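To start, the structure itself, in C-alpha cells.
In the numbering used here, the protein residues as written are 8 to 366.
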C-alpha cells in the first residue's frame, strides 16, 4: 500500500530486458515513461522504436514526445490502449455503432458471435502542457492515429462478472453500513449513492442506494477494447497482436516479484536498493536468454527450480557425483554448451567449464 520503489522496465521484441530504472514509489507511471525510453534511444542506438503500453502511460505529453512533434511523419511510434468508457462522446458513438465491424476473417459478424473488430484513421486533438514565460500553459495539438476497436465475448463476460461482484458487495454494505470501510469497499463505492467518492466516507445523513444508472451505462461497453497507434499503415490484426505482446512485461514483473523475490525489499539505503534490484535484473536477463535458447518451452519457475536442484557431492579425492538430472537440465545444458548429463566429474573438468563460462 505504501511503495518505496518503482521500477521502469523495457523489454525488446523477444521479451529480453533491455534496461531498467528506479524511481520513487510516489512517481506516476506516465512520468517515468519518457526517462526510460529516452535512455534506450540514447544508449542502444535503437533507431525508430514503437512503444507499446497500457493506459498508465498514455498521456498527451508522452504521445507528443514519441512522435517528436511530427504528426504526419512521427519520429517514433506507439501502440497504446485507450479507455472506451473515458473517451469523448463521438468516439463512444463510433464504438457502439455496428457499422463496419467484421469478424476475425473479415466477414460480416454473425449475431451472437464471439468477436468483432473495426478500425479507422483519424486526426485527434490532444492537449499538452508546455512552459511559456515560466508558466505552465496548455496547448492543443493534432495527431494522426489509427483507432482500432474490437469486442470480445470473453472480455464482456469477464467485465459483467466483475461488476456483479462489486454490486453485490455494494448491496451488502447498504444493508449494514457499519461494515463499510474504504479499503474493504474498494471498487464498490462508485456504485453507492451517499458515499463520498474522494474520501470514501459514508455520509450518515444520506440514505444509501445503488446507482443502477451508472451500472447500466458501464454495461453498454462490456467487452469493447480500443487501441490507438501512430502506425497508420499497420494492419489491424498486427496492431492487436502487437498490443497483446504487452503480456510479456506483465509476466516479467510477476517473475521478478515472485520467482526472483525482488520484493519485499528489506533494505532502505539507495545503494543497497540498487544492488538488490541489479542482481534481480541480471538473473532475469539470464532466465529470458535461457528461455529463448530452449524454444520458450519452459517457464521461468521451471528453469529456476531445475537449476537450484543441480548439486554435487564429493565422492573421493577430486571426484564429484552430480545428484540431479532432468530433461530440463539436459535442455538447458545443451543450449549453453554445458553437459549436465554426466553423473561424475573431476574437479579439473568443473574448473574448465567455469573458465569457459567466464570467457
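Ideal Cβ positions, reconstructed from N, Cα and C, are used throughout, including at glycine.
Given the structure is predicted, the values throughout are model-derived calculations rather than measurements.
Taking the runs of the beta strand (DSSP E) that are 3 residues or longer, which of them lie wholly in the stretch 83-114?
-> Segments of the beta strand (DSSP E) lying fully in the stretch 83-114: 84-89.
At what residue ranges does the stretch 222-281 contain a whole run of the beta strand (DSSP E), taking only runs of 3 or more?
-> Counting whole runs of 3 or more residues, the stretch 222-281 contains the beta strand (DSSP E) stretches 231-236.
Between the Cα of residue 213 and the Cα atoms of 278, 72, 200, 345, which residue gives the shortest distance?
-> With distances taken between Cα atoms, residue 213 lies closest to 200.
Check whether residue 287 and residue 314 have beta carbons under 8 Å apart = The Cβ-Cβ distance between residue 287 and residue 314 does not fall below 8 Å.
The alpha helix (DSSP H) enclosing residue 359, as first and last residue numbers = Here the alpha helix (DSSP H) through residue 359 covers 354-365.
Separation of residue 359 from residue 321, as counted between CA atoms | The straight-line gap from Cα to Cα measures roughly 17 Å.
I think residue 53 touches residue 73, with their Cβ atoms under 8 Å apart; what is that distance to the nearest whole Å?
-> Contact check for residue 53 and residue 73: beta-carbon distance about 13 Å, past the 8 Å limit, so the pair fails to qualify.
Cβ of residue 249 within 8 Å of Cβ of residue 86?
-> Taking 8 Å as the Cβ cut-off, residue 249 and residue 86 qualify as a contacting pair.
Can you give the Cα-Cα distance for residue 88 and residue 63, rounded to whole angstroms?
-> Each residue's CA atom was taken as its position, placing residue 88 and residue 63 some 9 Å apart.
Identity of the residue in 17, 108, 308 nearest residue 45 by Cα = With distances taken between Cα atoms, residue 45 lies closest to 17.
Secondary structure of residue 216, DSSP reduced to three states = Note: residue 216 maps to strand in three-state DSSP.
With distances taken Cα to Cα, identify the nearest neighbour of residue 269 among 124, 155, 260, 275.
-> The shortest C-alpha separation from residue 269 is found at 260.
Buried or exposed: residue 258, going by 16 or more other Cβ atoms within 10 Å of its Cβ?
-> Label assigned to residue 258: exposed.
Which whole-angstrom value describes the C-beta separation of residue 40 and residue 13, a residue pair presumed to lie in contact below a C-beta threshold of 8 Å?
-> That pair is no contact at about 12 Å.
Starting from the C-beta of residue 145, find all residues in its chain whose C-beta is less than 7 Å away, skip the five residues before and the five after it, and write them out in chain order.
-> Hits under 7 Å: 134, 136.
Any beta strand (DSSP E) of 3 or more consecutive residues that is wholly inside the stretch 113-175 | Runs of the beta strand (DSSP E) lying entirely within the stretch 113-175 and spanning at least 3 residues, in chain order: 122-139, 142-159.
Does DSSP put residue 40 in a helix, a strand or coil?
-> Of the three classes helix, strand and coil, the one that applies to residue 40 here is helix, per DSSP.
What do you get for residue 139, buried or exposed, if any count of 16 or more other CB atoms within 10 angstroms of its CB means buried?
-> So residue 139 counts as exposed.
Under the three-state DSSP convention, the category residue 50 falls into | Helix.
Determine the DSSP secondary structure at residue 315, reduced to helix, strand or coil.
-> The answer is helix: DSSP assigns residue 315 an H, G or I state.
Euclidean distance between Cα positions of residue 168 and residue 121 = Residue 168 and residue 121: Cα-Cα distance of roughly 17 Å.
Are the beta-carbon atoms of residue 347 and residue 339 separated by less than 8 Å?
-> For residue 347 and residue 339, yes; Cβs fall inside 8 Å.
Nearest residue (CA-CA) to residue 350, options 365, 363, 333 | Sorting 365, 363, 333 by C-alpha distance to the C-alpha of residue 350 places 333 at the top.
In angstroms with no decimal places, state the Cα-to-Cα distance between residue 173 and residue 119.
-> Approximately 26 Å, taken between the alpha carbons.
So what's residue 81 in DSSP terms, helix, strand or just coil?
-> Per DSSP, reduced to three states, the secondary structure at residue 81 is coil, with no helix or strand assignment.
Endpoints, beta strand (DSSP E) assigned at residue 327 = Per DSSP, residue 327 belongs to the beta strand (DSSP E) from 326-329.
Tell me which same chain residues have a C-beta within less than 7 Å of the C-beta of residue 328, skipping the five on either side of it?
-> For residue 328, the CB contacts under 7 Å within the same chain, skipping 5 residues up- and downstream, are 319, 320, 322, 350, 351 in chain order.
If we call anything under 8 Å between Cβ atoms a contact, is residue 229 one with residue 166?
-> Judged by beta-carbon spacing, residue 166 lies within the 8 Å limit of residue 229, meaning their Cβ atoms are closer than that value.
By how many angstroms is the C-alpha of residue 202 removed from the C-alpha of residue 215?
-> Taken atom to atom, the span from the alpha-carbon of residue 215 to that of residue 202 is near 8 Å.
Pick helix, strand or coil for residue 63, following the three-state DSSP scheme.
-> Here residue 63 carries a coil assignment [DSSP, helix/strand/coil].
For residue 28 versus residue 19, is the C-beta spacing smaller than 8 Å?
-> No, these two residues do not count as a Cβ contact at 8 Å.
Just the C-alpha distance for residue 361 and residue 344, rounded to the nearest angstrom, thanks.
-> Cα-Cα distance, rounded: 12 Å.
Report yes if the CB atom of residue 237 is closer than 8 Å to the CB atom of residue 297, and no otherwise.
-> For residue 237 and residue 297, no; Cβs fall outside 8 Å.
Per DSSP, which one or two residues make a beta bridge with residue 12?
-> Its beta-bridge partners are 31.
Can you pull the DSSP bridge partners for residue 351?
-> Residue 351 is bridged by DSSP to 328.
Can you round the beta-carbon distance between residue 116 and residue 107 to whole angstroms, since I take them to be within the 8 Å contact cut?
-> About 10 Å; that fails the 8 Å criterion.
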